[in-house]
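Asks:
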Amino acid sequence: MFALLAGPVAAQPVARPAVRPTLSAAPADSGQVFSLNDLLTYVALRHPVARQAGLLPERALQEVRYARGMFDPTAASKYYGKTFGGKEYFHDWDSQLRVPLWFGADVKAGFDRGVGTYINPESQTSPAGLSYLGLSVPLAQGLLIDERRAAVRQAQALQGLAEAERRGALNKLLLQAAKDYWDWSLNYQRLRLLDRNAGLANVRFEAVRQRVIFGDLAAIDSVEALTELQNRLATLSQARVQFRNSTLLLSNYLWDEQQQPRELPAATRPQLLPGPADWRALPPDSVAQLSQLAQQIHPELQKSRAKLSQLGVERRLLTNKLLPKLSVDYNLLQAGQPFNPEKPASLSGAYLQNNYKLGVSFAYPLLLRQERAKLQLNRLKQQELQFDLQQDTREIETGVRTVANEWEALREQLTLQEQVVRNAERLRTGEQIRFENGESSVFLINSREATLVSARVKLAELQAKYAQTQATLRWAAGGIE
């Protein structure tokens, strides 16, 4: 029996050639640390999603610029002439400069010249032409607000909406990056623990093997030690794959200034998981402060408020549409060109009474069905947004409290799990002493070590979850620093 078990075990190539090279492939602590702040800086400055989100405010700025373009001055000129059979029928020339004003009126200045035998009497002027300076003013609909001013106000509200969307997209990206970073750190810590655990199994297998050869232990103990070593090596191999995959996943967030993807160097290691010194309790009033802060800066609430602002501008415009269209057009005329109001004669009372062109226009729908329907639809949209805002406000406040509760629960779990690790270390140390004194077995000490490494891995998982909860709490409050 001894020759059958001890001989082949000592000769197996798995024990020496496969064990030591596998253990040396674990990450070393001497590598360069790539911190969470480094990652978030890369993401915020160079990630395509972050850059894409950065285009939203510029796009909103151009929308404002486009809306303000409705107030640009306009220069127009037209000429119509007719000559047939060597006979001149008419020459009609009209040039105008129109300047829209913010309060709804338009200032205009121009020059008309209409001559010829068959010119329209309405357009006929003296051979010198007729210059004019006029003002067009809406007296009812369009006096307080019109389409031009509404477009500018809505575009300005769109700036707040775009900024909220930018912050929302960036916060979501940074939160996911932070979570993936702590998963990477957890996989690194798990790999180190399992590598150390496999190293202990390798040392024990070599020791048991020698004792089996010298007859101090039964041959079955070497099989027990080898089986445990192989199980730990298999677990280590799986942990190594998880660490490599998490490293590749984290590399997805890395881009250089030329928008080329980058990868983490092989020697790079993450910062340590938060230790006992970082397991801080939340201040008593911090949850209320975070909830209040979320009401002010949370992107989802800001987007709803910006949409409400746009609907408010639309409501003012639609309400103004219920008024009749009443406008006055007054033009002060002067023969010749250009119009010169600085001449005393141009401003005299007699001149103003006898040299003008006046127009009044009026229109009013009798039923106003379209206008009243649009206004009612606007009110319904505002009510829907108000309900959404109330629901979002409640959900965000609940989210802050939920994450805060998870924070406190994780602190308690971390403290308890740390005590579990210490107790498991004591049990493993005591079992090791018993084994060295011949009072225990390979199976029992392997069982103690398995319990210890399982406790340490669970502690690392809780540490990673605690770090992720910290990032989630900042995100729930409306932003990640």
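Counted the way full-length UniProt numbering counts, the sequence shown spans residues 1 to 481.
Quick reminder that beta carbons are idealized off the backbone N, C-alpha and C, glycines included.
1) Per DSSP, residue 91 is paired with what?
2) Grab me the residues of residue 478's own chain with a C-beta within less than 6 Å of its C-beta, minus the 5 sequence neighbours each way, in chain order.
3) Against chain C, does residue 126 count as a neighbour if the rule is that its beta carbon must be under 7 Å from one of theirs?
4) Considering only residues of the same chain and omitting the five flanking positions on each side of residue 170, which have a CB-CB separation below 6 Å?
5) Name the one or two DSSP bridge partners that residue 269 has.
6) Flag this pair as touching only if the segment 218-237 and the segment 256-273 have three or more C-beta atom pairs under 8 Å; answer yes or no.
7) Could you check which residue in 124, 93, 136, 290 has the C-alpha nearest to that of residue 101?
8) Return the chain-ordered list of same chain residues with a C-beta closer than 6 Å to the C-beta of residue 225, the five sequence neighbours on each side being excluded.
9) If I follow the unbroken alpha helix (DSSP H) through residue 72, where does it start and stop?
10) Does the beta-carbon of residue 433 have 16 or more other beta-carbons within 10 angstroms, so that it is buried, or is it exposed?
11) Beta-carbon separation of residue 452 and residue 431 under 7 Å?
12) Based on DSSP bridge pairs, tell me the residues matched to residue 133.
13) Our contact map puts residue 183 next to residue 251 with C-beta atoms below 8 Å; I'd like the distance itself, whole angstroms only.
14) Can you tell me which residues form a DSSP beta bridge with residue 361?
15) Could you check the C-alpha separation between residue 58 and residue 122 for me, to the nearest Å?
16) Quick one: grab the DSSP three-state call for residue 42.
17) Tell me whether the segment 317-324 and the segment 278-291 touch, counting them as touching only if at least three CB pairs, one residue from each stretch, are closer than 8 Å.
18) DSSP state of residue 476, grouped into three classes?
19) Touching or not, the segment 411-420 and the segment 190-201, by the rule of three or more beta carbon pairs under 8 Å?
20) With a threshold of 16 other CB atoms inside 10 Å of the CB of residue 165, please say whether the residue is buried or exposed.
21) Would you kindly work out how many angstroms separate the C-alpha atoms of residue 238 and residue 186, rounded to a whole number?
22) In the DSSP assignment, what residue or residues form a beta bridge with residue 97?
23) Just to confirm, is the Cβ distance from residue 143 to residue 104 under 7 Å?
Replies: Reading from the atomic positions:
1) Paired residues: 81, 115.
2) Closer than 6 Å at the Cβ level, and outside the excluded window around residue 478, lie 294, 297, 298.
3) The chain inventory of the structure shown lacks chain C, comprising one protein chain alone.
4) Taking residue 170 as the centre and dropping the five residues before and after it, the same chain places the C-beta of 50, 53 closer than 6 Å to its C-beta, in chain order.
5) Beta-bridge pairing by DSSP links residue 269 to 33.
6) The segment 218-237 is not in contact with the segment 256-273.
7) Ranking 124, 93, 136, 290 by Cα distance to residue 101 puts 136 first.
8) Answer for residue 225: 204, 205, 208, 442, listed in chain order.
9) For residue 72, there is no enclosing alpha helix (DSSP H), as DSSP marks it with neither H nor E.
10) It counts as exposed.
11) No.
12) According to DSSP, residue 133 shares a beta bridge with 109, 332.
13) Contact doesn't hold; Cβ gap of about 13 Å is too wide.
14) Residue 361 is bridged to 327.
15) Those two C-alpha atoms are separated by around 49 Å.
16) In the structure shown, the three-state DSSP call for residue 42 is helix.
17) Contact between the segment 317-324 and the segment 278-291 is absent, because fewer than three Cβ pairs lie under 8 Å.
18) Taken through DSSP and simplified to helix, strand or coil, residue 476 comes out as helix.
19) The segment 411-420, when compared against the segment 190-201, does not touch it at the 8 Å Cβ threshold.
20) Buried.
21) Cα atoms of residue 238 and residue 186: separation of roughly 14 Å, rounded to the nearest angstrom.
22) According to DSSP, residue 97 bridges with 75, 109.
23) Yes, the Cβ-Cβ distance between residue 143 and residue 104 is below 7 Å.
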